[in-house]
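Asks: First residue of the sequence shown? That's 1193 in the working numbering, and the numbers climb one at a time after it.
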Amino acid sequence: MKDGQQPDTALIKDCLIESNLWQSASGLEAAIETALDAAQCYVVECEDIRFLPECEVSLVFMDDASIRKLNDEHRGKDQATNVLSFPIDEDADCYGPMLGDIVFAFETIEREAHELGLAFTAHLTHLCIHGFLHLLGYDHIDPIEADKMEQVEVAILARLNFANPYEGTIPLNMLD
């Protein structure tokens, strides 16, 4: 695949808004569409990841209370988080037709964007890419894998003219 060339198949994005808080997020669909398309193009072009035709990702937009329950049930962490990913098969040779679910928490994303001095959609774009990479098996528990995932996120964000979100930050304890 040549630089900038689109994958053979467009990613289907199935969005479910479970919290009315997301009604205030202007440009939500455009941000998600742009982030996922850029991420898919990058991993096809640069990471040699393949997708089946009509590949789909489910995006769920909820509040902190709902994601806190999911985080507790699936990860044993009784706290809200910004994004959770639930891959169907993170070790596939070719991904699809269903990649999995990416779940976002409005209040946490809004608070973090404010604390980081970012526009809400900029932070959401980053988290969308982050969640998508988790569906493909990228992780940040092991330091070597964390470094690789961060490099891919930064490269995708750069293609969208977003600054490196990790630059100048102190590394977080990724085991949390």
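By construction, the Cβ of each residue, glycine as well, lies at the ideal position given by its N, Cα and C atoms.
What does the alpha-carbon distance come out to for the pair methionine 1254 and leucine 1213?
Replies: In the sequence shown, residue 1254 corresponds to position 62, counting from 1. In the sequence shown, residue 1213 corresponds to position 21, counting from 1. Roughly 8 Å between the two C-alpha positions.
Asks: Identify the continuous alpha helix (DSSP H) that holds proline 1357 and give its terminal residues.
Replies: Reading the sequence shown from its first residue, position 165 is the one you call residue 1357. That residue, proline 1357, is in no alpha helix (DSSP H); it is neither H nor E in DSSP.
Asks: I need the DSSP call for tyrosine 1234, collapsed to helix, strand or coil.
Replies: What you label residue 1234 is simply residue 42 of the sequence shown in a count that begins at 1. It is helical.
Asks: For the alpha helix (DSSP H) containing glutamate 1302, name the first residue and the last one.
Replies: Along the sequence shown, read from residue 1 onward, the residue named residue 1302 stands at position 110. Unbroken alpha helix (DSSP H) run through glutamate 1302: 1298-1308.
Asks: If we call anything under 8 Å between Cβ atoms a contact, is threonine 1300 one with alanine 1223?
Replies: Here residue 1300 refers to the residue found at position 108 when the sequence shown is read from its first residue. Here residue 1223 refers to the residue found at position 31 when the sequence shown is read from its first residue. Contact: no.
Asks: Please return the same chain residues whose Cβ sits closer than 8 Å to the Cβ of serine 1211, not counting the five positions on each side in sequence.
Replies: One-based indexing of the sequence shown puts residue 1211 at position 19. Around serine 1211: Phe1253, Met1254, Asp1255, Ser1258 and Phe1298.
Asks: How do the segment 1271-1278 and the segment 1223-1242 stand: do at least 3 beta-carbon pairs fall below 8 Å, yes or no?
Replies: Result no; under three Cβ-Cβ pairs closer than 8 Å.
Asks: Out of Phe1324, Glu1225, Ser1218 and Leu1228, state which residue places its alpha-carbon closest to the alpha-carbon of aspartate 1281.
Replies: The count along the sequence shown starts at 1 and reaches residue 1281 at position 89. With distances taken between Cα atoms, aspartate 1281 lies closest to Phe1324.
Asks: Could you check if glutamate 1345 is buried or exposed, using at least 16 other CB atoms within 10 Å of its CB as the buried criterion?
Replies: Residue mapping note: residue 1345 aligns to position 153 of the sequence shown, counting from 1. Buried, by the Cβ-count rule.
Asks: Would DSSP call aspartate 1206 helix, strand or coil?
Replies: The sequence position of residue 1206 within the sequence shown is 14, counting from 1. The answer is strand: DSSP assigns aspartate 1206 an E or B state.
Asks: For lysine 1205 and glutamate 1225, which I take to be in contact (beta-carbon distance under 8 Å), what is that distance rounded to the nearest angstrom?
Replies: Translated into positions along the sequence shown, residue 1205 becomes position 13. Translated into positions along the sequence shown, residue 1225 becomes position 33. Lysine 1205 to glutamate 1225, Cβ: 7 Å. Contact.
Asks: Jot down the residue ranges of each uninterrupted beta strand (DSSP E) in the segment 1210-1267, minimum 3 residues, whole runs only, in chain order.
Replies: Segments of the beta strand (DSSP E) lying fully in the segment 1210-1267: 1248-1254.
Asks: Just how far apart, CA to CA, sit glycine 1329 and isoleucine 1321?
Replies: The count along the sequence shown starts at 1 and reaches residue 1329 at position 137. The count along the sequence shown starts at 1 and reaches residue 1321 at position 129. Roughly 13 Å between the two C-alpha positions.
Asks: How would you call leucine 1203, buried or exposed, if buried means at least 16 neighbouring beta carbons within 10 angstroms?
Replies: The residue labelled residue 1203 in the question sits at position 11 within the sequence shown. Buried, because 16 or more other Cβ atoms sit within 10 Å of the Cβ of leucine 1203.
Asks: Alpha carbon to alpha carbon, how far is histidine 1315 from alanine 1217? Give it in angstroms, no decimals.
Replies: Position 25 of the sequence shown, counted from the first residue, corresponds to residue 1217. Position 123 of the sequence shown, counted from the first residue, corresponds to residue 1315. Cα-Cα distance, rounded: 12 Å.
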